[in-house]
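**Student:** Next up is a structure, given as structure tokens.
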Amino acid sequence: MALYAAGAYVTDRYRIGIDPQISRCLPDTRVVLIDRWDKNIERGQLVAFAANGLTPYFKNGTTMVKVADGVPGDHVAVGEAAVTVNGAKVGEGLALARTLGRQAGDFARELVVSPGAIWVMGRTIDSFDSRYWGELPVAQIVGRAYRLF
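Numbering (UniProt numbering), first residue to last: 1 to 149.
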């Protein structure tokens with residue numbers, strides 16, 4: 001009975017995520033452990049979330065993993081050359097703009113991360129992330145992710 005309870009606990013709380021993409025937004029991360037019970041995400045942590053409104057690139061409900069670079073109250077500046085959070089550079093510019101059929105300047109903006117949202121980014125110049133689709137509502141968070149390999 002104890003073994004069954006332990007198994008139920010583990011399968012309810014944790015999931016393994018595998019990134020099948022050749023070009024990954026987190027280059028050193030292919031497999032993650034997702035803790036579905038830990039949704040209190042802090043700046044700099046990996047976060048798993050359910051995609052919503054990112055079609056045709058990702059189906060609604062697709063689990064994605066990015067770095068939480070901005071939390072409520074943080075100042076984000078998205079420019080053609082760089083993305084900064086509270087003045088610290090967290091990413092390169094807007095390399096995907098033309099792929100998305102837009103000009104880089106269309107995505108340039110400054111904002112303060114809203115309550116109930118976070119700002120998420122990958123670590124490659126071609127990551128499809130908050131610089132293109134904005135803040136991520138915390139309601140979409142699946143859980144904190146931990147890099148396994």
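Beta carbons are placed, not taken as given, at the ideal position from N, Cα and C, and that holds for glycine.
#1: Please go through the stretch 33 to 106 and give each complete beta strand (DSSP E) segment of 3 or more residues, from N-terminal end onward.
#2: Assuming the contact rule is C-beta atoms closer than 8 Å, Ile118 and Gly70 should be a hit. Round their C-beta distance to whole Å, please.
#3: On the CB-based measure, 16 or more other CB atoms within 10 Å of its CB, does Lys59 come out buried or exposed?
#4: For the beta strand (DSSP E) that Arg30 lies in, which residues bound it at each end?
#5: Just to confirm, is the Cβ distance from Gly93 to Ala104 under 8 Å?
#6: In whole angstroms, what separates the C-alpha of Ile16 from that of Gly73?
#7: According to DSSP, simplified to helix, strand and coil, what is Ala117?
#8: Among the candidates Leu26, Gly79, Arg30, Tyr57, whose CA atom is the shortest distance from the CA of Leu111?
#9: What is the rounded straight-line gap between the Cα of Asp24 and the Cα of Thr124?
#10: May I have the straight-line CA-CA distance separating Leu46 from Ala108, to the nearest angstrom?
#11: Buried or exposed for Val83, going by 16 or more other Cβ atoms inside 10 Å?
#12: So who's on the other strand from Tyr14, going by DSSP bridges?
#13: Could you compute how far the alpha carbon of Tyr57 sits from the alpha carbon of Pro20?
#14: Run through the DSSP bridge pairs and tell me what Pro20 is partnered with.
#15: Can you tell me which residues form a DSSP beta bridge with Gly143?
#16: Relative to the alpha-carbon of Tyr14, which residue among Lys39, Thr29, Ala139, Leu26 has its alpha-carbon at the smallest distance?
**Tutor:** On the basis of the data shown:
#1: 46 to 50, 63 to 70, 75 to 78, 82 to 85, 88 to 92
#2: Working through the sequence shown from its first residue, we reach residue 118 at position 118. Working through the sequence shown from its first residue, we reach residue 70 at position 70. About 6 Å; that satisfies the 8 Å criterion.
#3: Residue mapping note: residue 59 aligns to position 59 of the sequence shown, counting from 1. Counting Cβ neighbours within 10 Å, Lys59 comes out exposed, since fewer than 16 surround it.
#4: Looking up residue 30 in the sequence shown gives position 30. Note, Arg30: premise wrong, no beta strand (DSSP E); not H, not E.
#5: Position 93 of the sequence shown, counted from the start, is the residue given in the question as residue 93. Position 104 of the sequence shown, counted from the start, is the residue given in the question as residue 104. A contact, by the Cβ cut-off of 8 Å.
#6: Translated into the one-based positions of the sequence shown, residue 16 becomes position 16. Translated into the one-based positions of the sequence shown, residue 73 becomes position 73. Each residue's Cα considered, the two are about 31 Å apart.
#7: Taking the first residue of the sequence shown as 1, we reach residue 117 at position 117. Strand at Ala117.
#8: Here residue 111 refers to the residue found at position 111 when the sequence shown is read from its first residue. The shortest C-alpha separation from Leu111 is found at Gly79.
#9: As a working note, residue 24 is residue 24 in the sequence shown. As a working note, residue 124 is residue 124 in the sequence shown. Checking the sequence, you will find Arg at residue 24 rather than Asp. Rounded to the nearest angstrom, the two C-alpha atoms are 8 Å apart.
#10: Locating residue 46 in the sequence shown gives position 46, counting from the first residue. Locating residue 108 in the sequence shown gives position 108, counting from the first residue. Those two C-alpha atoms are separated by around 24 Å.
#11: Position 83 of the sequence shown holds residue 83. When all chains shown are included, Val83 counts as buried.
#12: Within the sequence shown, numbered from 1, the residue matching residue 14 stands at position 14. Asp35, per the DSSP bridge assignment.
#13: The sequence position of residue 57 within the sequence shown is 57, counting from 1. The sequence position of residue 20 within the sequence shown is 20, counting from 1. Distance between the alpha carbons of Tyr57 and Pro20: 14 Å.
#14: In the sequence shown, residue 20 corresponds to position 20, counting from 1. Note: Pro20 sits in no beta bridge, so no partner.
#15: Start at 1 with the first residue of the sequence shown, and residue 143 comes out as number 143. According to DSSP, which records beta bridges pairwise, Gly143 is partnered with Ala48.
#16: Along the sequence shown, one-based indexing puts residue 14 at 14. Out of Lys39, Thr29, Ala139, Leu26, Lys39 has the C-alpha closest to the C-alpha of Tyr14.
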